[in-house]
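Residue numbers (this note's numbering): 1 to 72.
Every residue gets a Cβ at the ideal spot worked out from N, C-alpha and C, and that includes glycine.
Keep in mind the model is a prediction, meaning the values are calculated, not measured.
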């Protein structure tokens, strides 16, 4: 939920409200994951940050799952 495609697109849109200079700003109402990924690969701050946040959320979820299965 906090690491999937929908989250990445919504997080990118949220960040775009602060970064109006982003090339994605004009497309913010019609973004798809392919466009966000391409922008991230080209170094777009908002897209890269959205993927970073999703990755961090995924990592936290995995750690919680591991600790649930094997508490140490």
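| Query | Result |
| --- | --- |
| So does the segment 27-40 actually touch the segment 60-67, counting three or more Cβ pairs closer than 8 Å? | no |
| Our contact map puts residue 50 next to residue 11 with C-beta atoms below 8 Å; I'd like the distance itself, whole angstroms only. | 4 Å |
| Is it buried or exposed, residue 47, if we count other Cβ atoms within 10 angstroms and call 16 or more buried? | buried |
| Where does the unbroken alpha helix (DSSP H) through residue 5 begin, and where does it stop? | 5-16 |
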